[in-house]
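Heads up: the sequence shown begins at 0 in numbering that gives the first Met the number 0, then just goes up one per residue.
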Amino acid sequence: MLLTRIKGPRDLDRLSQEELDQLAAEIRSFLVDAVSKTGGHLGPNLGVVELTIALHRVFDSPKDKVLFDTGHQAYVHKLLTGRQDFAGLRTKNGLSGYPSRAESAHDVIENSHASTVLGWADGLAKANEVLGREDHHVAAVIGDGALTGGMAWEALNNIAAAKDRPLVIVVNDNERSYGPTIGGLANHLATLRTTDGYERFLARGKEILERTPVVGKPLFETLHGAKKGLKDFIAPQGMFEDLGLKYIGPIDGHDIEALESALQRAKRFSGPVIVHCLTQKGRGYTPALEHEADRFHAVGVIHPDTGLPVKTAAASWTSVFADEMVKLGHEREDIVGITAAMLHPVGLNKFAEAFPNRIYDVGIAEQHGATSAAGLATGGVHPVFAVYATFLNRAFDQVLMDVALHKCGVTFVLDRAGVTGDDGASHNGMWDMSILQVVPGLRLAAPRDAEQLRAQLREAVEVKDAPTVVRYSKGVVGPAVPAVGRIGGMDVLRRPADEVTRPDVLLVSVGALAPMCLEIADLLDKQGISTTVVDPRWVKPVDEALAPLADRHRVVVTVEDNGRTGGVGAAVSQALRDAGVDVPLRDFGIPQRFLDHALRKEIMAEIGLTAPDIARQVTGLVAKLDGRYESEPAAAVD
């Protein structure tokens, strides 16, 4: 096999055109076989095989910087830079599903969020200029979906300002991000795909007119002076060129020879150049091409021949939300949905099918989505903006200043909250409950099971004068966790087994960690430690009933799948201090560090967020209190 002979990019230089085509076929076969066993981003990588080969033949990585937006399409890049052991892809101690600096000098940007690559490229090109590195080049690959993001256009505005600073921007145009790319830019790129270039038109016109006596040349110059109008009519790449960006394309993104020619021309140019490549997501794999929703953007473990899942998936948090949104849509005509290019992943596809005139896909533009939601709310409807928890980070200012400041009734539904695992650092939803704590008036719910998700979503959309947030985990929704009582707005999930005047522990359980918190209580009970377990349901604001309840316990413990800094535990601690309740508090959550990719359960074990780990530490804390109180008068306990 040719692939096994590729240890680094320069090994590509020795291959003939026929061998390059053979290599592309081998890579596709390898990807289908490997990713079907582990799961991962299959469709995007099948679409960039020839493009990645051409990039590494034209550019000299790692001296030249080859950058990938988001990075989920970098599997081919990994194969060509010496990483061909995919057996542990996206698993603990295996290859990351994204570029990783720890893996290779060829990787520059790790798993950054979408639409950021052009900002990186702008900075790297400027650094080359400052340090006089004229023999260093920067090539940034960005998808047509990522080009819908505002950051991409902010970067283009800056890149275009430097007419003599070399930078190659490769637009990987497959008409999709997760699903089909939509919006004005998508329409523009579609026109570019189907319209012949104006250069050939002008060249033919010049040839004819220059042969025309007397008036020919002046007439051509007049027409050439109207070049902008001709460009816009004949070939809308004028939008890019009017920004000051040289445009090459469209290029067949599966023709290695054509790609190399275009990239070589772009590399030689002394300023910024866009190379527009047309690719096919899922190319070469029939099950992906026939999967209209997302062309196998990301898959679990599948049968390689059929593309069908190996295991039947149980009901997920996302599917529970999806079904409840449809019910709400039928009940209330003012409910609308918003997604940022992720209609299917966040579960709004069912709502879109039922109410096609009440769904808005804003593209990869979370900031715009949040502010647009404020406008929708002000206009008299109730928007539900469903987004991955980690991606809402990008719209914090809009949540704060546009939604909350204006007291707009907008509901944000945060999917993939907490530790998500195999996608790595950027996809863990571990910051939302910290970031959102500082937003005045915002109310935040963390459902513990499917029933509570339905109930709290309904409670959220009833709020008309403030933003509401409902957040839940990735994957399968757990069993129902019934309440045995209620105190204030909090559900009591467990009372001490024996009647005691002052129970030892008040355990505050946040969201989907309720089953684990009940397990902790069982372990504590075996140690003779009495425990009350409560689910606040709404973790912001802190329920007023929590402080007096805490005052009737010896110690308070909070457990959350969010960063410890500024999270629910910190909010509970502050609420107790404000109420004058002087009870020891121990908060358990995610440490404030970027977590490596691994299975969720492996990460939870690594960071000590498991029932045995927490029970062990709480047991030690209670034992310490017992030792202290043994040396004090009994009255001090009361």
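Every residue, glycine too, gets a C-beta built ideally from N, C-alpha and C.
Each of GLN279, GLN451, LYS245 and ILE108 was checked against the Cα of HIS253, and the nearest Cα belongs to GLN279. Here DSSP, grouped into helix, strand and coil, assigns VAL335 to strand.
Per the Cβ contact rule, the stretch 508-517 is not in contact with the stretch 338-352 (fewer than 3 Cβ pairs under 8 Å). Look at THR467 here: in three-state DSSP terms it is strand. Rounded to whole angstroms, TYR97 and THR557 show a C-alpha spacing of 33 Å.
According to the DSSP assignment, TYR74 belongs to the alpha helix (DSSP H) that extends over 74-79.
For MET489, the beta-bridge partners assigned by DSSP are ILE486. Restricting attention to beta strand (DSSP E) runs no shorter than 3 residues, the stretch 267-323 encloses them at 271-277, ordered along the chain. The beta carbon of ASP497 sits closer than 8 Å to those of SER529, all from its chain and outside the five residues before and after it, given in chain order. In the DSSP assignment, ASN171 forms a beta bridge with GLY142 and CYS276. Inside the stretch 398-450, DSSP marks whole beta strand (DSSP E) runs of 3 or more residues at positions 410-414 and 442-444, from first to last along the chain. The criterion of a C-beta distance shorter than 8 Å is not satisfied by ALA124 and VAL169. DSSP places GLU605 in the helix class (H, G or I) of the three-state scheme. Around the CB of VAL398, 16 or more other CB atoms lie within 10 Å, so the residue is classed as buried. CA-to-CA, the gap between ASP121 and VAL475 works out to about 41 Å.
Annotation: ILE5 is outside any beta strand (DSSP E) and is labelled neither H nor E by DSSP. It is roughly 15 Å from the alpha-carbon of VAL48 to the alpha-carbon of GLY81. Under DSSP, HIS381 forms a beta bridge with ILE334. DSSP, read as helix, strand or coil, puts LEU166 in strand. Between the alpha carbons of ARG447 and ARG536 lies a distance of about 8 Å. Scanning VAL438, ARG415 and SER433 for the CA closest to the CA of ASN427 turns up ARG415. Contact check for SER508 against VAL468 fails: the beta carbons are separated by 8 Å or more.
In the three-state reduction of the DSSP assignment, LYS62 falls in the coil class, being assigned neither a helical nor a strand state.
The distance from the Cβ of LYS406 to that of ASP464 is about 5 Å, consistent with a contact at the 8 Å cut-off.
Under a 10 Å Cβ-count criterion, THR305 is classified as exposed, with fewer than 16 other Cβ atoms of the shown protein chains found around its own Cβ. Bounds of the alpha helix (DSSP H) holding LEU50 are 48-57. Within the same chain, GLU25 come within 7 Å of MET0 by CB-CB distance, once the 5 residues on both sides are set aside.
Taking the C-beta atoms as reference points, GLY346 is found no nearer than 8 Å to SER371. In the structure shown, the three-state DSSP call for ASP106 is coil. For VAL567, the enclosing alpha helix (DSSP H) has its first and last residue at 567-577. Segment contact: the stretch 605-617 against the stretch 586-594, three or more CB-CB distances shorter than 8 Å; contact assigned.
Secondary structure of GLY328 (DSSP, three-state): helix. At the C-beta level, HIS367 and GLY149 come within 8 Å of one another. Assignment of ARG585 by DSSP, reduced to helix, strand and coil, places it in the strand class.
Sequence-distant partners of ASP163 (beyond 5 residues in either direction) whose C-beta falls short of 6 Å from its own C-beta, in its chain, are SER269 and GLY270. Pairing ALA449 with GLY243, the inter-Cα distance amounts to about 52 Å.
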